[in-house]
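Asks: Chains E and H supply the protein sequences, listed in that same order. Residue numbers 3 to 377, in this note's numbering, belong to the letters of the first sequence in order. Residue numbers 3 to 377, in this note's numbering, belong to the letters of the second sequence in order.
2 protein chains.
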Amino acid sequence: MTLDPAAPARTLGTVRVVGTGLLGTSAALALTLRGVDVVLQDVSPTAMAIARDLGAGRFPREDDDPAVVLVAAPPDVVAEVVAAELQRWPRAVVTDVASVKGGPLQTLRDKALRDGGLDLTRYVGSHPMAGRERSGPVGAQADLFAGRPWVVAATEEASAAAVATVRALALDCGAALVDMPAAEHDEAVALVSHAPQVAASLVAARLREAPDGAVGLAGQGLRDVTRIAASDPALWAQILAGNAAPVADVLESLRADLDDVIAALRALEQDPSALGARGALVRVIADGGAGRDRIPGKHGQAPTAYATVVVVVPDRVGELARLLADVGASGANLEDLRLEHSEGQPVALAEIDVLPAAAEQLEDALRERGWTVPR
Amino acid sequence: MTLDPAAPARTLGTVRVVGTGLLGTSAALALTLRGVDVVLQDVSPTAMAIARDLGAGRFPREDDDPAVVLVAAPPDVVAEVVAAELQRWPRAVVTDVASVKGGPLQTLRDKALRDGGLDLTRYVGSHPMAGRERSGPVGAQADLFAGRPWVVAATEEASAAAVATVRALALDCGAALVDMPAAEHDEAVALVSHAPQVAASLVAARLREAPDGAVGLAGQGLRDVTRIAASDPALWAQILAGNAAPVADVLESLRADLDDVIAALRALEQDPSALGARGALVRVIADGGAGRDRIPGKHGQAPTAYATVVVVVPDRVGELARLLADVGASGANLEDLRLEHSEGQPVALAEIDVLPAAAEQLEDALRERGWTVPR
């Protein structure tokens, strides 16, 4: 899954990236790295300039004739931008990377029926399942999509050539292709992304007016459950509104279980030996465990048979950064990293997960660079 | 907060640990490390033997006369075990570490009224906010409690000497003392631990019957939200049942917001421009962000609002060192540094945390020295 710049690009011709935020700039970096000619476009000249300075591509020219347009615009304007690009470049295949696929498609189809002149044989929506907490071009990474699922939502109208073009672009970004119709995609992301976002926000919202003493007892569990609650409200309102029915379906199913839990707790409040109440609680926690077990490992493949390399890291500023740089320089692909730090100890233990075949070489490389790697 | 074996123990006399699971054995290890005489007791001879072999203490003797008894038994039997220990050792102070404090206390008070002969001046319940995914004595660590909050829930009945004894024991385990009455404690953990556990389980439970394709799209957000869903159902049913009313209160408040979200989504399903619906969604996500902001930092201190200065660092040997030197020369006090390095990119991004007041000056100083600092 690693981006190998030496491999020839599958994408032929110029790629125009409209929207040089996190996703657009990351795709542009990956494509440029493969030698693809990438044109950058954004409503913000600053975002465009940063993307260019990061090496993501070039500014537009008069004689541009893109073969592919990648639209990475906010969800509420994506259909409009896709339509404009389809009309402006009559030979180009157009895709978008918005996190909801059904709504924009419906808007485009309505527009095609109404206005005519919108050639949907050249449109294939897509959605790379990647992101970071850091947004904008500054957060972009050439390997943001490496090994991550990239959904390609082919329509009935789309030409086989257009679908192949978008699939090639996803592969050139290092992603793992997932073919999935728009409706199925939207139900899936409601389940694995949109409803969990709502749940995390609802749990975190309870803390707003909590006593200081109570939030002072917070531990890692609460931090994990609520991490994604620190998200952009306006962007998320757009996403949820754009996928309203599937998200509501998931949340209604969740509410039915929540009602059961509340009923069981109230019954136990009245009578600590209330018949069936403990059973209802056991069932909900057990169901959660069963659901949790279905989540695949970090890169989408079957969970984990990684080897763990343990490194002693002095507790000084910059040491962890130096370690990460050295891991990168060794050529090993870091799958996961955990830091075990016991307070008051002058060192921490970094646990680095890599593919088993890479572990020994990584250990040798790190020892060579002066790190203590306990055997 | 640090465990310093050289510091003399505050705890005087023998400590009897009843229940050599994760918490009991960890406390025993910490106390033994300080030179305290620790006696281990468990219904499982195997758990007891493992704890002893780990160096957590010794087996009981005929002539034991403990000054303190630490009960680390499952929540549904903790009151019973505390009562038995109070009666068996008429001089000992008894504490427990169960995650719910009001219920066991009520049971003990009822029992004292009914049976007499139960001396609650010697009982002080407590709750160390620490844990690991690995349970049992094998998961025990001498520094499990280091720097973690340890709630001491003094009652009206408890003698000042008993309270002081339990506080001393918590300090000897390296914990940060938090004095909090039982009822307040139970409301706090309902908010920061029990309700989040239910929410995580409910989100994860939705995945049980999801199509493979859908769970294949899972990302880090879902993994974080549902991490604690992989918990022991029987244990959690006990905990939730033991704190029924406070957990139900939190979940009912959560359900009210959930109902608002579902109503907004259904309104948007009917009419994508439904009045007020997007506003309701924005509010819930924004409230979640505000709640999330209240969670203290990793080591329990107030969340320090550092400003982050981002600098583009060429991927060449010595550049990071030069950057750090330039940061130092600017006079800014570097609080933390992270390096974001994407494979195959010719640059890395250094994220430098400084006090907000220092950020602008640092950015100017770095630009002056030729660094690229994206605005």
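Note that the Cβ used here is the ideal one computed from N, Cα and C, for glycine as well.
Where does the unbroken alpha helix (DSSP H) through A282 of chain H begin, and where does it stop?
Replies: Indexing the second sequence from 1 puts residue 282 of chain H at position 280. It spans A279 to R294 - the alpha helix (DSSP H) in which A282 of chain H sits, taken as one unbroken run.
Asks: I want to verify the contact list: residues of chain H whose CB lies under 8 Å from the CB of E189 of chain E, in sequence order.
Replies: One-based indexing of the first sequence puts residue 189 of chain E at position 187. Within 8 Å Cβ-Cβ: A216.
Asks: Which same chain residues, not among the five before or five after R134 of chain E, have their C-beta less than 8 Å away from its C-beta?
Replies: Numbered from 1 along the first sequence, position 132 holds the residue referred to as residue 134 of chain E. Within the same chain, R134 of chain E has close Cβ partners L24, G141, Q143 and L146.
Asks: Taking DSSP's pairing of strands, which residues face D98 of chain E in a bridge?
Replies: Residue 98 of chain E sits at position 96 when you count from the first residue of the first sequence. D98 of chain E pairs with E:V73.
Asks: Between which two residues does the beta strand (DSSP E) holding P130 of chain E run?
Replies: Counting from 1 along the first sequence, the entry for residue 130 of chain E is found at position 128. Taken as a continuous stretch (DSSP letters only), the beta strand (DSSP E) holding P130 of chain E covers G127 to P130.
Asks: Within 9 Å (strictly less), CB to CB, does A164 of chain E reach chain H?
Replies: As a working mapping, residue 164 of chain E is identified with position 162 in the first sequence. It does not: the Cβ of A164 of chain E has no partner Cβ on chain H nearer than 9 Å.
Asks: On the three-state DSSP scale, how would you describe P151 of chain E?
Replies: Mapped onto the first sequence, residue 151 of chain E falls at position 149. The answer is strand: DSSP assigns P151 of chain E an E or B state.
Asks: Is DSSP giving L351 of chain E helix, strand or coil here?
Replies: Residue mapping note: residue 351 of chain E aligns to position 349 of the first sequence, counting from 1. L351 of chain E falls in the strand class under three-state DSSP.
Asks: I need the straight-line Cα distance from A304 of chain E to E337 of chain E, nearest angstrom please.
Replies: Here the question's residue 304 of chain E lines up with position 302 in the first sequence. Here the question's residue 337 of chain E lines up with position 335 in the first sequence. Per-residue confidence for A304 of chain E stands at a pLDDT of 43, beneath the threshold of 50, marking its modelled position as unreliable; no derived number is given.
Asks: Report the rounded CA-to-CA distance for M3 of chain H versus V329 of chain H, giving the unit in angstroms.
Replies: Taking the second sequence and counting its residues from 1, one reaches residue 3 of chain H at position 1. Taking the second sequence and counting its residues from 1, one reaches residue 329 of chain H at position 327. Its pLDDT being 38, under 50, M3 of chain H is placed unreliably in this model, and the value from its coordinates should be taken loosely. Taking the straight line from one Cα to the other gives about 31 Å.
Asks: Can you tell me whether R93 of chain H is buried or exposed, with buried defined as 16 or more other CB within 10 angstroms of its CB?
Replies: As a working note, residue 93 of chain H is residue 91 in the second sequence. Per the 10 Å Cβ criterion, exposed.
Asks: Interface residues of chain H around D259 of chain E at Cβ under 8 Å?
Replies: Your numbering for residue 259 of chain E matches position 257 in the first sequence. Those are L204 and A207, listed as they occur along chain H.
Asks: Taking 6 Å as the limit between beta carbons, can you name the residues of its chain near H301 of chain E, skipping five residues before and five after?
Replies: As a first step, residue 301 of chain E must be located in the first sequence, where it is residue number 299. Because H301 of chain E carries a pLDDT of 40, less than 50, the predicted location of this residue cannot be relied on, and the following value inherits that uncertainty. G149, listed in sequence order.
Asks: Given a threshold of 16 other Cβ atoms within 10 Å of its Cβ, counted over all protein chains shown, does E189 of chain E qualify as buried or as exposed?
Replies: Translated into positions along the first sequence, residue 189 of chain E becomes position 187. E189 of chain E is buried by the Cβ-count criterion.
Asks: Using a Cβ-Cβ distance under 9 Å, would R340 of chain E count as near chain H?
Replies: As a first step, residue 340 of chain E is located in the first sequence; it is residue number 338 there, counting from the start. No - not a single Cβ of chain H is within 9 Å of the one on R340 of chain E.
Asks: Residues in the same chain with beta-carbon distance under 6 Å from D98 of chain H, minus the five sequence neighbours each way, listed in chain order, please.
Replies: As a working mapping, residue 98 of chain H is identified with position 96 in the second sequence. Excluding sequence neighbours, D98 of chain H sits near V73, V80, V84 and G127.
Asks: So with Cβ pairs under 9 Å, would you call L270 of chain E a contact of chain H?
Replies: Here residue 270 of chain E refers to the residue found at position 268 when the first sequence is read from its first residue. Yes, contact with chain H.
Asks: Across which residues does DSSP place R229 of chain E in a beta bridge pair?
Replies: Position 227 of the first sequence, counting from 1, holds the residue named residue 229 of chain E. R229 of chain E pairs with nothing; no bridge assigned.
Asks: Give me the residue from H:G333, H:P348, H:V375 and H:Y308 with the minimum Cα distance to P358 of chain H.
Replies: Residue 358 of chain H sits at position 356 when you count from the first residue of the second sequence. Checking every option, the nearest Cα to that of P358 of chain H belongs to H:Y308.
Asks: With a threshold of 9 Å between beta-carbons, can R280 of chain H be considered close to chain E, or not?
Replies: Locating residue 280 of chain H in the second sequence gives position 278, counting from the first residue. With 9 Å as the cut-off, R280 of chain H counts as an interface residue toward chain E.
Asks: Just to check my reading of the structure: T13 of chain E and L33 of chain E have Cβ atoms closer than 8 Å, yes? What is that Cβ distance to the nearest angstrom?
Replies: Here residue 13 of chain E refers to the residue found at position 11 when the first sequence is read from its first residue. Here residue 33 of chain E refers to the residue found at position 31 when the first sequence is read from its first residue. With 8 Å as the limit, T13 of chain E and L33 of chain E qualify as a contact, their Cβ atoms being about 7 Å apart.
Asks: According to DSSP, simplified to helix, strand and coil, what is R18 of chain E?
Replies: For this step, residue 18 of chain E is matched to residue 16 along the first sequence. R18 of chain E: strand per DSSP, three-state reduction.
Asks: Can you tell me the Cβ-Cβ gap for V227 of chain H and V205 of chain H, rounded? I've got them flagged as a contact below 8 Å.
Replies: As a position in the second sequence, residue 227 of chain H is number 225, starting the count at 1. As a position in the second sequence, residue 205 of chain H is number 203, starting the count at 1. Contact holds; Cβ gap of about 6 Å.
Asks: Show which residues of chain A have a CB atom less than 7 Å away from the CB atom of M131 of chain E.
Replies: Of the protein chains in this structure, namely E and H, none is chain A.
Asks: Out of E:D44, E:A185 and E:P68, state which residue places its alpha-carbon closest to the alpha-carbon of Q89 of chain E.
Replies: Your numbering for residue 89 of chain E matches position 87 in the first sequence. Of E:D44, E:A185 and E:P68, the residue nearest in Cα terms is E:P68.
Asks: Residues of chain H with a CB under 8 Å from the CB of I230 of chain E: which are they?
Replies: Position 228 of the first sequence, counted from the start, is the residue given in the question as residue 230 of chain E. Those within 8 Å of I230 of chain E in chain H are G223, D226 and V227.
Asks: Pick helix, strand or coil for Q143 of chain E, following the three-state DSSP scheme.
Replies: Against the first sequence, residue 143 of chain E aligns to sequence position 141. Coil at Q143 of chain E, not helix or strand.
Asks: Who are the near neighbours of A9 of chain H in its chain, counting only those whose CB is closer than 6 Å to its CB and skipping five residues on each side?
Replies: Stepping through the second sequence from its first residue, residue 9 of chain H is reached at position 7. For A9 of chain H, where only same-chain residues beyond five positions count, there are no Cβ hits under 6 Å.
Asks: Check for me: the beta strand (DSSP E) holding L336 of chain H runs from which residue to which?
Replies: Numbered from its first residue, the second sequence carries residue 336 of chain H at position 334. Note, L336 of chain H: premise wrong, no beta strand (DSSP E); not H, not E.
Asks: Alpha carbon to alpha carbon, what distance is there between L326 of chain H and V312 of chain E?
Replies: Numbered from 1 along the first sequence, position 310 holds the residue referred to as residue 312 of chain E. Numbered from 1 along the second sequence, position 324 holds the residue referred to as residue 326 of chain H. Approximately 26 Å, taken between the alpha carbons.
Asks: What residues from chain H crowd round S128 of chain E, counting only those whose CB sits closer than 7 Å?
Replies: Residue 128 of chain E sits at position 126 when you count from the first residue of the first sequence. The contacting residues do not exist; S128 of chain E stays about 13 Å from chain H at best.
Asks: Around the Cβ of V45 of chain E, are there at least 16 other Cβ atoms within 10 angstroms (buried) or fewer (exposed)?
Replies: If you number the first sequence from 1, residue 45 of chain E lands on position 43. That one is exposed.
Asks: Can L31 of chain E and P62 of chain E be called in contact, C-beta distance under 9 Å?
Replies: Here the question's residue 31 of chain E lines up with position 29 in the first sequence. Here the question's residue 62 of chain E lines up with position 60 in the first sequence. Contact flag unset, no.
Asks: Mind pulling the alpha helix (DSSP H) runs of 4 or more residues that sit fully within the stretch 163-250 of chain H?
Replies: Qualifying alpha helix (DSSP H) stretches, in chain order: 184-191, 197-207, 214-217, 222-228 and 235-244.
Asks: Alpha carbon to alpha carbon, how far is I297 of chain H from A232 of chain E? Give it in angstroms, no decimals.
Replies: Taking the first sequence and counting its residues from 1, one reaches residue 232 of chain E at position 230. Taking the second sequence and counting its residues from 1, one reaches residue 297 of chain H at position 295. For A232 of chain E and I297 of chain H, the distance between alpha carbons rounds to 11 Å.
Asks: Going straight from the alpha carbon of G281 of chain H to that of W91 of chain E, what length do you get?
Replies: Against the second sequence, residue 281 of chain H aligns to sequence position 279. Against the first sequence, residue 91 of chain E aligns to sequence position 89. Their Cα atoms are separated by approximately 37 Å.
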